[in-house]
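In what follows, a structure is listed as structure tokens, so that the remarks can point back to it.
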Amino acid sequence: MPATRVTIASNAKQSQKAPLLIPASATTDPAAASSIREFVFKAAQSKLRLKKPTRIYVSPTGQELLTEEDWKNNIKDDVILLISAGEEYVGAKKGSSSHVDANPDCPVEVLASKAPVESLSVTQLTTTAHTLPGIVYAVGQPDLHPGTKFPIGAVFASRKWIHPPLIGSDIGCGMAWYKTTLPRSQVDGDKGRKVAEKLRGLEGAWRTQAQREVWLRNHDGSCSAGEQWDSALGTIGAGNHFAEIQVVEKSSLVEDNELGLRQDDVILLVHSGSRGYGGSILRKYTTDSHTSFEEGSPEATEYMKEHDKACQWAQANRDLIALRFLACLEPGNENWQLGSSTAEDTDDVDVATVEQTKKTLGKRKVVDIWHNNVERVDWPPASPSSTKEEEDSLSTLADATTKLTFNDDTLQQEYVYIHRKGAAPTYNPNTQLPLHLLPLPGSRGTPTLILKPTFSASTSWGLLNALSLAHGAGRAMSRAKALSSLSQKYKGQNILEPRAADVEGTWVICDEKDLVFEEAPDAYKDVEAVGQDLVDAGVASIVGWCRARVSYKVRNEAR
DNA sequence: ATGTGC
Numbered sequence: 014m015p016a017t018r019v020t021i022a023s024n025a026k027q028s029q030k031a032p033l034l035i036p037a038s039a040t041t042d043p044a045a046a047s048s049i050r051e052f053v054f055k056a057a058q059s060k061l062r063l064k065k066p067t068r069i070y071v072s073p074t075g076q077e078l079l080t081e082e083d084w085k086n087n088i089k090d091d092v093i094l095l096i097s098a099g100e101e102y103v104g105a106k107k108g109s110s111s112h113v114d115a116n117p118d119c120p121v122e123v124l125a126s127k128a129p130v131e132s133l134s135v136t137q138l139t140t141t142a143h144t145l146p147g148i149v150y151a152v153g154q155p156d157l158h159p160g161t162k163f164p165i166g167a168v169f170a171s172r173k174w175i176h177p178p179l180i181g182s183d184i185g186c187g188m189a190w191y192k193t194t195l196p197r198s199q200v201d202g203d204k205g206r207k208v209a210e211k212l213r214g215l216e217g218a219w220r221t222q223a224q225r226e227v228w229l230r231n232h233d234g235s236c237s238a239g240e241q242w243d244s245a246l247g248t249i250g251a252g253n254h255f256a257e258i259q260v261v262e263k264s265s266l267v268e269d270n271e272l273g274l275r276q277d278d279v280i281l282l283v284h285s286g287s288r289g290y291g292g293s294i295l296r297k298y299t300t301d302s303h304t305s306f307e308e309g310s311p312e313a314t315e316y317m318k319e320h321d322k323a324c325q326w327a328q329a330n331r332d333l334i335a336l337r338f339l340a341c342l343e344p345g346n347e348n349w350q351l352g353s354s355t356a357e358d359t360d361d362v363d364v365a366t367v368e369q370t371k372k373t374l375g376k377r378k379v380v381d382i383w384h385n386n387v388e389r390v391d392w393p394p395a396s397p398s399s400t401k402e403e404e405d406s407l408s409t410l411a412d413a414t415t416k417l418t419f420n421d422d423t424l425q426q427e428y429v430y431i432h433r434k435g436a437a438p439t440y441n442p443n444t445q446l447p448l449h450l451l452p453l454p455g456s457r458g459t460p461t462l463i464l465k466p467t468f469s470a471s472t473s474w475g476l477l478n479a480l481s482l483a484h485g486a487g488r489a490m491s492r493a494k495a496l497s498s499l500s501q502k503y504k505g506q507n508i509l510e511p512r513a514a515d516v517e518g519t520w521v522i523c524d525e526k527d528l529v530f531e532e533a534p535d536a537y538k539d540v541e542a543v544g545q546d547l548v549d550a551g552v553a554s555i556v557g558w559c560r561a562r563v564s565y566k567v568r569n570e571a572r
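In structure tokens:
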């Protein structure tokens, strides 16, 4: 008998996978020394870097391979084996009884043709849409890529049900753009190095808990999460988070107000979230087996309340990061004194000063969006000025979505919960008005596109894209793959500085060795392709672009 | 993504 060709993948991280040839000499008896079971475990250790593999499941049924009979029946060419370190099968078991509120025919759209989309992410998108209760529409943005269980760059519209795991642990993560007063001559070319040098004292905690609590005061009272989580306030975090000094290279925005973006403006883009706080909320409310809450239930209400608080916290965090950066970038400006790391930490809390600083900073803020959140929105979206009859005669997609779930009980329900996991909104949630612009960052040296959401009958006024856009270029490579292949590719090179001949490259501050490669531009899709897919789908126009001059990831400050 | 997890 010839060898059997299978795929092994980590159960916890299914993006980690490897082909495997099982020799005919291996036996189906799991107790034998030369068992297929042992062979697969050894391969999982070496190829998937799993330390202690103990259980094996078949994908997508979720059947665990235990008896010799199980092994005989399942080891065939092309089978996918998920290797577990003890944890339960990750993913919905196909063929198992599905939820009564699930919509197996839920429409799923992927707005990508130029940008590459891995099939695993489409499987995750579709499986989620068809198995979780209440989902009426799912859309993959062109930056769609696989996550641990749910895809990133995805939007799920759900009736009656709220799904915290679709938001993930970084509740409130998003991006904000701030204007600086620097002229581009101070950041262009080799000046970028000097700007990068100025960015110091940004890693540790900001001031005292009492002062952080003042910063976290808002219209609802406070979004303080207690000292355990507040101590990270004003810090960027890890992974794909960053703060970037950019120059507007082109902008065709015609703005009357001062909050447009003009060519040659030097601006600050902050991408961060709720740090440890959001994750604590997700863990508090969900378990492995309890992941979806029915609207109106106490846990749904409490989760939403804490979720909203984490979104406020994340926004206050971006503002404080911006303040700390502005204190470095505009040292003469006393408005930013509060952000300076050299100022006395033990200053008395002056509420008026904090309020004044927040107000001044607010005038610099061009836009601020959440790309990890859930919110209730009217559905289907209304055209800007339409009568009810016009709305009813919108595209067939709108009809398909609404008809699916309209029954006697839900006839009155004309809203959904939009779950965004790495997807930017097209409108301001406070005013319900379309956003005039928002960032589509590439990575490091690649451009950040300035997007303007568009609304028309051809997209059913935002239904097609679920009132959302891509939030970035999106991963083209898993972190593991980027680390192994790109560290080889750039061996011996410094990829954190522009190459000698390149006066327009980006200065990157990244003292984490692995992150240098995991976040390298090569690990991401081409942002131009992602942007073009949005344009081709009719959901956005590209109104300009920015060049990153300094990208701040993380600094090791052994001061 | 993370005051994470063997």
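End of the first sequence sits at 572 in the numbering used here; the numbers just go up one at a time, nothing left out. No residue lacks a Cβ here, since even glycine has one placed at the ideal position from N, Cα and C.
Simplified DSSP assignment, three categories, for residue i
i, result
"Leu446", "coil"
"Lys416", "Summary for Lys416: the model assigns pLDDT 37, below 50, so the residue's position carries little reliability; its value from the coordinates is reported in the next sentence. Here Lys416 sits in helix by DSSP."
"Glu122", "strand"
"Ala436", "strand"
"His284", "strand"
"Phe169", "strand"
"His143", "helix"
"Gln369", "helix"
"Glu388", "strand"
"Pro534", "helix"
"Ser554", "strand"
"Trp84", "helix"
"Leu79", "coil"
"Ile184", "coil"
"Asn348", "helix"
"Ile4", "No information on residue 4 is available, as it lies outside the stretch 14 to 572 that the chain covers here."
Span of the alpha helix (DSSP H), counted from its first residue to its last, around residue i
i, result
"Ala323", "Pro311 to Leu342"
"Ala493", "Arg492 to Lys502"
"Arg180", "Reading off the sequence, residue 180 comes out as Ile, not Arg. Run containing Ile180: Pro177 to Ile180, per the alpha helix (DSSP H) assignment."
"Ala209", "Lys204 to Lys211"
"Trp242", "Glu240 to Asp243"
"Arg225", "Gln222 to Trp228"
"Leu643", "Nothing can be reported for residue 643, as the shown portion of the chain is limited to 14 through 572."
Residue environment, residue i, which counts as buried when at least 16 other CB atoms sit within 10 Å
i, result
"Ala327", "buried"
"Asn385", "buried"
"Leu138", "buried"
"Arg492", "buried"
"Arg288", "buried"
"Gln27", "buried"
"Leu179", "buried"
"Glu319", "buried"
"Gln506", "exposed"
"Ser293", "buried"
"Asn24", "buried"
"Asp381", "buried"
"Ala16", "exposed"
"Asn478", "buried"
"Leu79", "exposed"
"Ala125", "buried"
Start and end residues, beta strand (DSSP E) containing residue i
i, result
"Arg512", "It is not in any beta strand (DSSP E) - Arg512 carries neither H nor E in the DSSP assignment."
"Lys378", "Lys378 to Trp383"
"Asp156", "Ile148 to His158"
"Ala31", "Lys30 to Ile35"
"Ile59", "With the sequence shown as reference, residue 59 is identified as Ser, and Ile is not the correct amino acid for it. Here Ser59 belongs to no beta strand (DSSP E); instead the alpha helix (DSSP H) covers Ile49 to Lys60."
"Lys192", "Gly187 to Lys192"
"Phe255", "Phe255 to Ser264"
"Ala22", "Thr17 to Ser23"
"Leu482", "Ser481 to Ala483"
"Pro129", "Segment: none, Pro129 is in no beta strand (DSSP E) and carries neither H nor E."
"Ile508", "Here Ile508 belongs to no beta strand (DSSP E), and DSSP marks it neither H nor E."
"Arg457", "Premise fails: Arg457 is in no beta strand (DSSP E) and is neither H nor E."
"Leu95", "Ile93 to Ser97"
Inset, instruction - Decide yes or no for the touch test of the segment 90 to 97 against the segment 113 to 123: beta carbon pairs closer than 8 Å, at least 3 of them. - result: no
Inset, instruction - Say whether the segment 458 to 472 touches the segment 162 to 173, bearing in mind that this needs 3 or more beta-carbon pairs closer than 8 Å, one atom from each stretch. - result: no
Legend entry - the segment 186 to 198 / the segment 159 to 168 touching (three or more Cβ pairs under 8 Å): no
Inset, instruction - Indicate whether the contact test is met: 3 or more Cβ pairs, each with one atom in the segment 528 to 547 and one in the segment 444 to 459, closer than 8 Å. - result: yes
Inset, instruction - Mind the definition here: the segment 547 to 565 touches the segment 256 to 267 only if three or more C-beta pairs lie below 8 Å; say whether that holds. - result: yes
Inset, instruction - Could you say if the segment 175 to 193 and the segment 334 to 344 meet the contact criterion of at least three C-beta pairs nearer than 8 Å? - result: yes
Inset, instruction - Decide yes or no for the touch test of the segment 198 to 208 against the segment 298 to 306: beta carbon pairs closer than 8 Å, at least 3 of them. - result: no
Legend entry - Inter-stretch contact (C-beta, 8 Å, three-pair minimum) for the segment 480 to 490 and the segment 142 to 160: yes
Inset, instruction - Spell out a yes or no on whether the segment 428 to 444 and the segment 516 to 534 are touching, meaning 3 or more CB-CB pairs, one atom from each, closer than 8 Å. - result: no
Legend entry - Three-pair Cβ contact test at 8 Å for the segment 560 to 571 versus the segment 247 to 263: yes
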